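Okay, structure first, notes after.
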Amino acid sequence: MKRLLFSLCIVAPLGQAQTSDKPTLCQGNYHSEAEAVAQLKRLAATHSNLAEWKARAAAVRRQ
Numbered sequence: 004m005k006r007l008l009f010s011l012c013i014v015a016p017l018g019q020a021q022t023s024d025k026p027t028l029c030q031g032n033y034h035s036e037a038e039a040v041a042q043l044k045r046l047a048a049t050h051s052n053l054a055e056w057k058a059r060a061a062a063v064r065r066q
């Protein structure tokens with residue numbers, strides 16, 4: 004039984020892998036506060052106007 008649970012813990016995340024070109028929706032306590040600040044800075048650098056931001060927001064909602 005322990006082997007089965009261990010195997011599932013190792014294999015299950017592999018099936019959920021996403022490509023890096025898709026946006027990721029992080030819910031709950033996904034990041035620490037410092038990590039969240041850094042993530043927001045990275046996201047802010049990906050768009051320079053409202054139209055780009057709305058396109059990204061729409062892509063996240065479709066996910």
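Our numbering numbers the first residue of the sequence shown as 4 and each following residue consecutively.
From the three backbone atoms N, C-alpha and C, an ideal C-beta is built for every residue, glycine too.
Owing to the predicted nature of the structure, the values given are computational and were not obtained by experimental measurement.
Asked                                                                                        : Found
Nearest-angstrom beta carbon gap, arginine 64 and histidine 50 [assumed within contact, 8 Å] : Not a contact, Cβ separation roughly 15 Å.
For alanine 47 and lysine 57, the rounded distance between their alpha carbons               : 12 Å
Beta-carbon proximity list for serine 35, same chain, < 6 Å, skipping 5 on both sides        : none
Where the alpha helix (DSSP H) through glutamine 42 begins and ends                          : 36 to 47
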